[in-house]
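Engineer:
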Amino acid sequence: MILTIAGNTLGALLSRRRALLMAVLAAVPALVALLARAYGEPGDVVQQTAGLLEASVLTALLPLVALVFGTAALGAELEDGSAIHLLTKPVPRWRVVAGKALAAAPLTGLLVGGATLVTGLILGGDRGAAGLTLAYTLAAAVGGVVYVLLFIALSVLTGRALIVGLIYVAVWEGTLAGLFEGTRVLSIRQYLLGLIAAIDPHWVAGTGAPLAPGVAAAGAVLVAAGSFLVAVQALERHQVSAGD
Amino acid sequence: MTGPAPLQPPPPPEPAPIVLDRASRWYGNVVACNDISFQVGPGVTGLLGPNGAGKSTVLSMIAGLLPPSAGRVTLLGEPAWRHPAVFRKVGLVPERESVPGWMTGRGFVGYAARLQGLPDAAAARDAAIALVDLAPAADRRVATYSKGMRQRILLAAALVHDPPVILLDEPFNGLDPRQRLHMMSLLRSLAAEGRTILFSSHILEEVERLAGRVLVIYAGRLAAAGNFREIRRLMTDHPHTFTIRSSDDRRLTAALFAEGAILGAELDGELLEVRTGDLAGFCRQLPRLAWESAVTLFEVRPTDESLESVFSYLVQR
Amino acid sequence: MALIRLESLTKHYRDVVALEDLTLELEPGIIGLVGSNGAGKSTLIRVLLGLLKPTSGRAFVLDHDVAREGTAVRAMVGYMPEHDALPPDLPASELVAHMAELSGLPRAAARERTADVLRHVGLYEERYRPIGGYSTGMRQRVALAQALVHDPRLLLLDEPTNGLDPTGRDQMLELVRRTGTEFGIAILLASHLLGEIERTCDYLVAIESGRLVRAAPLAAFTGRTGVVRVELDDDAARLGARLASAGLANRVDGRSVFVALEGGDGYDRIRDAVVELDAGLVRIEQERRTLEDLFRDDGAAEGVA
Amino acid sequence: MSGAAGGLGRGPADGPGRGATVGAAGDSIYDLGYRGYQGVRLGRAHAVASLVRQSFRQSWGMGRPGRAKIVPFGLAAIATVPAVVALGISALAKQLGAADMIEAASPIRYETYYPVIGQVVFLFAAAQAPELLARDQRHRVLALFFSRAIRREDYAAAKLLALGAAMLAFLLFPLAVIFVGRALLAADVVAGVAADAGAVPAIVGEALLTAWLLAAMSLAIASFTPRRAYATAAIFAVVVIPAATVGVLSELAPGQVVGAVSLFSPGDVLDGANAFVFGHAQAGPPSASMPSLAYVGSALAMIVVSTAVLVARFLRIEP
Numbered sequence: 009m010i011l012t013i014a015g016n017t018l019g020a021l022l023s024r025r026r027a028l029l030m031a032v033l034a035a036v037p038a039l040v041a042l043l044a045r046a047y048g049e050p051g052d053v054v055q056q057t058a059g060l061l062e063a064s065v066l067t068a069l070l071p072l073v074a075l076v077f078g079t080a081a082l083g084a085e086l087e088d089g090s091a092i093h094l095l096t097k098p099v100p101r102w103r104v105v106a107g108k109a110l111a112a113a114p115l116t117g118l119l120v121g122g123a124t125l126v127t128g129l130i131l132g133g134d135r136g137a138a139g140l141t142l143a144y145t146l147a148a149a150v151g152g153v154v155y156v157l158l159f160i161a162l163s164v165l166t167g168r169a170l171i172v173g174l175i176y177v178a179v180w181e182g183t184l185a186g187l188f189e190g191t192r193v194l195s196i197r198q199y200l201l202g203l204i205a206a207i208d209p210h211w212v213a214g215t216g217a218p219l220a221p222g223v224a225a226a227g228a229v230l231v232a233a234g235s236f237l238v239a240v241q242a243l244e245r246h247q248v249s250a251g252d
Numbered sequence: 013m014t015g016p017a018p019l020q021p022p023p024p025p026e027p028a029p030i031v032l033d034r035a036s037r038w039y040g041n042v043v044a045c046n047d048i049s050f051q052v053g054p055g056v057t058g059l060l061g062p063n064g065a066g067k068s069t070v071l072s073m074i075a076g077l078l079p080p081s082a083g084r085v086t087l088l089g090e091p092a093w094r095h096p097a098v099f100r101k102v103g104l105v106p107e108r109e110s111v112p113g114w115m116t117g118r119g120f121v122g123y124a125a126r127l128q129g130l131p132d133a134a135a136a137r138d139a140a141i142a143l144v145d146l147a148p149a150a151d152r153r154v155a156t157y158s159k160g161m162r163q164r165i166l167l168a169a170a171l172v173h174d175p176p177v178i179l180l181d182e183p184f185n186g187l188d189p190r191q192r193l194h195m196m197s198l199l200r201s202l203a204a205e206g207r208t209i210l211f212s213s214h215i216l217e218e219v220e221r222l223a224g225r226v227l228v229i230y231a232g233r234l235a236a237a238g239n240f241r242e243i244r245r246l247m248t249d250h251p252h253t254f255t256i257r258s259s260d261d262r263r264l265t266a267a268l269f270a271e272g273a274i275l276g277a278e279l280d281g282e283l284l285e286v287r288t289g290d291l292a293g294f295c296r297q298l299p300r301l302a303w304e305s306a307v308t309l310f311e312v313r314p315t316d317e318s319l320e321s322v323f324s325y326l327v328q329r
Numbered sequence: 005m006a007l008i009r010l011e012s013l014t015k016h017y018r019d020v021v022a023l024e025d026l027t028l029e030l031e032p033g034i035i036g037l038v039g040s041n042g043a044g045k046s047t048l049i050r051v052l053l054g055l056l057k058p059t060s061g062r063a064f065v066l067d068h069d070v071a072r073e074g075t076a077v078r079a080m081v082g083y084m085p086e087h088d089a090l091p092p093d094l095p096a097s098e099l100v101a102h103m104a105e106l107s108g109l110p111r112a113a114a115r116e117r118t119a120d121v122l123r124h125v126g127l128y129e130e131r132y133r134p135i136g137g138y139s140t141g142m143r144q145r146v147a148l149a150q151a152l153v154h155d156p157r158l159l160l161l162d163e164p165t166n167g168l169d170p171t172g173r174d175q176m177l178e179l180v181r182r183t184g185t186e187f188g189i190a191i192l193l194a195s196h197l198l199g200e201i202e203r204t205c206d207y208l209v210a211i212e213s214g215r216l217v218r219a220a221p222l223a224a225f226t227g228r229t230g231v232v233r234v235e236l237d238d239d240a241a242r243l244g245a246r247l248a249s250a251g252l253a254n255r256v257d258g259r260s261v262f263v264a265l266e267g268g269d270g271y272d273r274i275r276d277a278v279v280e281l282d283a284g285l286v287r288i289e290q291e292r293r294t295l296e297d298l299f300r301d302d303g304a305a306e307g308v309a
Numbered sequence: 013m014s015g016a017a018g019g020l021g022r023g024p025a026d027g028p029g030r031g032a033t034v035g036a037a038g039d040s041i042y043d044l045g046y047r048g049y050q051g052v053r054l055g056r057a058h059a060v061a062s063l064v065r066q067s068f069r070q071s072w073g074m075g076r077p078g079r080a081k082i083v084p085f086g087l088a089a090i091a092t093v094p095a096v097v098a099l100g101i102s103a104l105a106k107q108l109g110a111a112d113m114i115e116a117a118s119p120i121r122y123e124t125y126y127p128v129i130g131q132v133v134f135l136f137a138a139a140q141a142p143e144l145l146a147r148d149q150r151h152r153v154l155a156l157f158f159s160r161a162i163r164r165e166d167y168a169a170a171k172l173l174a175l176g177a178a179m180l181a182f183l184l185f186p187l188a189v190i191f192v193g194r195a196l197l198a199a200d201v202v203a204g205v206a207a208d209a210g211a212v213p214a215i216v217g218e219a220l221l222t223a224w225l226l227a228a229m230s231l232a233i234a235s236f237t238p239r240r241a242y243a244t245a246a247i248f249a250v251v252v253i254p255a256a257t258v259g260v261l262s263e264l265a266p267g268q269v270v271g272a273v274s275l276f277s278p279g280d281v282l283d284g285a286n287a288f289v290f291g292h293a294q295a296g297p298p299s300a301s302m303p304s305l306a307y308v309g310s311a312l313a314m315i316v317v318s319t320a321v322l323v324a325r326f327l328r329i330e331p
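Residue numbers (this note's numbering), protein chains in the order written: chain A, 9 to 252; chain B, 13 to 329; chain C, 5 to 309; chain D, 13 to 331.
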């Protein structure tokens, strides 16, 4: 049942122009890496790779792709009314959310993880940054799940999930995390950086101390599980407005 | 309910598949559905009312898409709100033709079949598509379908698990006459198999031609339930108007007056308009008096049987 | 001067034929355009507005070639689209005045005409509220008002009663009829309901699958059928049997009997049969030939045979 | 407007026009029936001007509920804050008698103003361009516009003019605040104006370039989706992602390649063009130095491409 929903959702996500746009977006970091490789100046390759992957993949590509696929997976259906077909079937709501996540999260992970792998390998794969690249790829996959669940929950709660999500990513995780270090405890990006730093602290280029591994892991799990539960609850209470 | 007894339909044999018990639904201050009780049994039942009367709200509550704000709504003995398992036995055709355009007709119905967890989803899918006569177009994307085809593919998806209860919201909206006829005969044959079919409409003729029984909703209230014509005839406390064309309008009018069959008459050119307070009596007396006076009746037409006039009488009672 | 002239007008969308070799000349009046869904009604209207380019052939509105003088044509034509096409956040007065200006009316004139036209379609205080809160009937009135506001010489109405309930439908058709007769504006009214066309139009154009079926004054379409419907207040099977034995071919459908009359004393025989059965007579009415007959697949089943 | 009896409108095709029924004492009952319109019809230019005016108002949320005004006016206020701060510093410096030294050190001057408020300008374009287009597509209002006495390219041009004008106002207002403030601060107003007058062509020139480029680009993007949220995200992405790329690259691979890439980044292009109009020959990201004229060329190319895409989109769209 979950697989049926996931398969259908995958078809819907891939049937639109936005899938192509996301693929184009995912190619940008690799292009930057190519340019840097061709024209770059020698330096600490590990530091350079970490800087590129953190700045382009973790801060920009991953949340953006997760935001688009996460809000489109279920939110788009709820908004245009076609969700009624799914909601009038004998399917428990948790399976609906799980099916939607099972389509959007792997799609995000595959796209962003692939981009991470290619980008890291281009820039430093043969110069000692291969391990770091794998760590970032793993983080992208984990991040895909957490972000997608969060944005699915948002899309059930509000019709303006995309804007709200953009504000969360740009303002909360971006600007505020730099100004108020305390907000890092509630930032998916910081969870991922904390997980990477747990493997090797040198692999994180950003300023400020990364979160402790335990905190990062617990945070990621809590956000993912909490989002899932909120999404299921909200979907159970979701009322289809009458047309008349 | 304090309404007059004759308006109450005979209760269908228990347990009725659809039961509303003093159900109300409001959105903020807007009351869309106000203290409605009825039961729907097997056969075709029409849910009739003008735009905005609350028909969609009633159907949405039955289908569990909305909780009632007060009262109880049960579908096959259970409240459908937050109880998706009930959809194993219910098919819903929503009003908005919100079919995802990227899917093919076959894909859409197949998806419904698999979500129902049917053992042989593919066979059920193809059978449902054949039932609505869409097999030739089944592999086209739904985006290319006409309105009528979309309605039919929605119906196929609602029928794929062979449900005993089918709910349809404005199934005839936007269909042209041919599509309308096709939909009607399909619903008739489904009802003949013993299913419970409830459909909403604001067009009198559709309901008249299809439904054995109607529920009339007006301004959020259940205004009447039962056989439409019976309901109309029960409302004998207001004058009914007929237009008549005959070989001798004056002689006929005089005879009708003499017999006390009419309250008033107006002769406008070729057309005689008469008002009567006793519908059943008038209908019997008219042919007899015409026969006695040797007047040929070319045309007899009730003029105020429009839905609106019925509605306004019903709410003014 | 012809109102509309089509010369072998053809429109294909990729592999779908929307209009096929339409040749037609129409004089001013209230013209009904009927056809089932997908017959090409909307396509024809959009070609006449210059919104769609024909694949081949030509179309003229008031002697202007729509393909080459689209702007001039649109200045003279008002269009009410098939779909709800109104912005929810503007009040009707703003939208209609803006549309008037877009048809070239000066600002002051646009305001005056807006007030006039909104009154004509029956919108009063609510004109200052955002359209998003209007009912379907009110929205259709706004759509008609914006099509009328620049005093067009031709109105193109695409399914103006779509989604309206019977009262709304009656009011809209009455408004259309008045626009055509009192205001002296030519009208092309697209609908799939012949009943609406019958009540509103003088002339009828029927198309099917993009081809012209027929174009003629309305009377030619809806002639009497020679079938009379007799309705009782009870089951009509006995009446059917009695009429059959009296030599009148008929078909029973619930409470109604459809009787084929060939003149003579048929009406009297019906009356007498009803009296003999002591039944209640609700209706005797000649069946009109309707669009439904034009489209009916199973004519034998529904007709008298 | 009632005029003489019988002179009103076209009336029924076969009947006389209707006017007033005049009684013996001159009392009249006026016929409020339908009247035709015999007045002038001003044609396409007037129609387009009306569409521009309406769209301009729309881009500031005027004639709409208060909510619609929050974003445009809020952003405009944010964009004016540095101007007010700069004036405050100037006034303070004058009191302290160290005007020249402090002003030279202030980061807020005519030539740095646009780069300083760059992000706010992008946000304005990203937020308001979809306002002008998405509604018309989403609610199918486009069908009404395209059936009036205008052409499709007129619609595109009117929207471009309207958003361009709105952005011009957005850009020029803070600088006008500085200009007027400085003139008033000067001991001799005429001399003060004369001293700053030289900067005016550059200020206006850069504002024109910025307004046109961002308006055309964001409208071109917004024309492809009826959903405002997606359009806003896409416009923001088109500005932010290239800028971020240039930023990352200039650390990894300083040199000419970064300069070349920056020619494709709208934000960097506008900064480069700003350097040009204020008389700097070189511009570009910190690690690369490009002739600033190249950025002006790139800006013009972006304008041409965006405008062409916008017009082509509306020529093809099915309303």
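Just so it is clear, CB atoms sit at the ideal spot from N, CA and C, and this is done for glycine as well. Just so it is clear, the structure is predicted and the values come from calculations on it, not from any experiment.
(1) Taking the alpha-carbon of Val308 of chain D as reference, which of D:Glu330, D:Ala300, D:Gly279 has the nearest alpha-carbon?
(2) Just list the alpha helix (DSSP H) runs in the segment 31 to 82 of chain B, keeping only unbroken ones of 4 residues or longer that don't cross its boundaries, in chain order.
(3) Under a CB-based cut-off of 9 Å, is Arg111 of chain C close to chain D?
(4) Compute the distance between the beta-carbons of Val289 of chain D and Met314 of chain D, then report whether it is under 9 Å.
(5) Apply the 10 Å Cβ neighbour rule to Gly186 of chain A and answer buried if 16 or more other Cβ atoms are within range, or exposed otherwise.
(6) Hey, Gly293 of chain B and Ala273 of chain B are a contact pair by Cβ (cut 8 Å); roughly how many whole angstroms apart?
(7) Assign Tyr230 of chain B to one of two classes, buried (16 or more other C-beta atoms within 10 Å of its C-beta) or exposed (fewer than that).
(8) Which same chain residues end up closer than 6 Å to Ala228 of chain A when comparing Cβ atoms and leaving out the 5 residues on each side of it in sequence?
(9) Give me, in chain order, the residues of the same chain whose beta-carbon lies closer than 7 Å to that of Tyr132 of chain C; leave out the 5 immediate sequence neighbours on both sides.
(10) Less than 9 Å separating the beta-carbons of Asp206 of chain C and Ile34 of chain C?
(11) How would you list, in chain order, the residues of chain E whose beta-carbon sits under 9 Å from the beta-carbon of Gln150 of chain C?
(12) Is the Cβ-Cβ distance between Val279 of chain C and Trp303 of chain B less than 9 Å?
(13) Does the distance from the C-beta atom of Ala155 of chain D to that of Ala89 of chain C stay below 9 Å?
(14) Determine the contact status of Ala226 of chain A and Pro218 of chain A, defining contact as a CB-CB distance below 9 Å.
(15) Name the chain B residues whose beta carbon is nearer than 7 Å to that of Val99 of chain A?
(16) Using a threshold of 8 Å, is the CB atom of Asn185 of chain B nearer than that to any non-hydrogen atom of the ligand FMN?
(17) Does the separation of the CB atoms of Thr57 of chain B and Ala223 of chain B fall below 9 Å?
(18) Decide if Met179 of chain D is buried, meaning its Cβ has at least 16 other Cβ atoms within 10 Å, or exposed.
(19) Which word fits Asp208 of chain A, buried or exposed, when buried means at least 16 other C-beta atoms lie within 10 angstroms of its C-beta?
(20) May I have the straight-line CA-CA distance separating Ala311 of chain D from His210 of chain A, to the nearest angstrom?
(21) Count the C-beta pairs between the segment 110 to 127 of chain C and the segment 117 to 124 of chain D that are closer than 8 Å, then say yes if the count reaches three, no if not.
(22) Beta carbon of Glu212 of chain C, beta carbon of Val286 of chain C: below 9 Å?
(23) If you check the beta carbons only, do Leu222 of chain C and Leu243 of chain C fall under 9 Å apart?
Structural biologist: Reading it off the structure:
(1) Taking the first residue of the fourth sequence as 1, we reach residue 308 of chain D at position 296. Out of D:Glu330, D:Ala300, D:Gly279, D:Gly279 has the C-alpha closest to the C-alpha of Val308 of chain D.
(2) 67 to 74
(3) If you number the third sequence from 1, residue 111 of chain C lands on position 107. For Arg111 of chain C, the answer is yes, since a Cβ of chain D falls inside 9 Å of its Cβ.
(4) Residue 289 of chain D sits at position 277 when you count from the first residue of the fourth sequence. Residue 314 of chain D sits at position 302 when you count from the first residue of the fourth sequence. Cβ distance not < 9 Å, so Val289 of chain D and Met314 of chain D don't count as in contact.
(5) Walking along the first sequence from the start, residue 186 of chain A turns up at place 178. Counting Cβ neighbours within 10 Å, Gly186 of chain A comes out exposed, since fewer than 16 surround it.
(6) The residue you call residue 293 of chain B lines up with position 281 of the second sequence. The residue you call residue 273 of chain B lines up with position 261 of the second sequence. Confirmed, Cβ separation roughly 6 Å.
(7) By 1-based counting over the second sequence, the position of residue 230 of chain B is 218. When all chains shown are included, Tyr230 of chain B counts as buried.
(8) What you label residue 228 of chain A is simply residue 220 of the first sequence in a count that begins at 1. If we look at Ala228 of chain A and ignore the five residues flanking it on each side, its Cβ neighbours are Val154, Tyr199.
(9) Looking up residue 132 of chain C in the third sequence gives position 128. Pro95, Ser97.
(10) By one-based count along the third sequence, residue 206 of chain C stands at place 202. By one-based count along the third sequence, residue 34 of chain C stands at place 30. Yes, the pair counts as a contact, with Cβ atoms nearer than the cut-off.
(11) Reference to chain E is not applicable here, since the protein chains of this structure are A, B, C and D.
(12) For the purposes of this step, residue 279 of chain C is identified with residue 275 of the third sequence, where counting begins at 1. For the purposes of this step, residue 303 of chain B is identified with residue 291 of the second sequence, where counting begins at 1. Contact flag set, yes.
(13) The count along the fourth sequence starts at 1 and reaches residue 155 of chain D at position 143. The count along the third sequence starts at 1 and reaches residue 89 of chain C at position 85. Going by C-beta atoms, Ala155 of chain D is nearer than 9 Å to Ala89 of chain C.
(14) In the first sequence, the residue the question calls residue 226 of chain A occupies position 218. In the first sequence, the residue the question calls residue 218 of chain A occupies position 210. Result no, Cβ atoms of Ala226 of chain A and Pro218 of chain A do not sit closer than 9 Å.
(15) As a position in the first sequence, residue 99 of chain A is number 91, starting the count at 1. The answer, in chain order, is Pro96, Leu127.
(16) What this structure holds is no ligand at all, so the ligand FMN is not there to describe.
(17) Numbered from its first residue, the second sequence carries residue 57 of chain B at position 45. Numbered from its first residue, the second sequence carries residue 223 of chain B at position 211. Against a cut-off of 9 Å, the Cβ pair of Ala223 of chain B and Thr57 of chain B comes out as a contact.
(18) Your numbering for residue 179 of chain D matches position 167 in the fourth sequence. It counts as buried.
(19) The residue you call residue 208 of chain A lines up with position 200 of the first sequence. By the 10 Å Cβ count, Asp208 of chain A comes out exposed.
(20) In the fourth sequence, the residue the question calls residue 311 of chain D occupies position 299. In the first sequence, the residue the question calls residue 210 of chain A occupies position 202. Distance between the alpha carbons of Ala311 of chain D and His210 of chain A: 41 Å.
(21) no
(22) Reading the third sequence from its first residue, position 208 is the one you call residue 212 of chain C. Reading the third sequence from its first residue, position 282 is the one you call residue 286 of chain C. The answer is no: Cβ separation not under 9 Å.
(23) Counting from 1 along the third sequence, the entry for residue 222 of chain C is found at position 218. Counting from 1 along the third sequence, the entry for residue 243 of chain C is found at position 239. Taking 9 Å as the Cβ cut-off, Leu222 of chain C and Leu243 of chain C do not qualify as a contacting pair.
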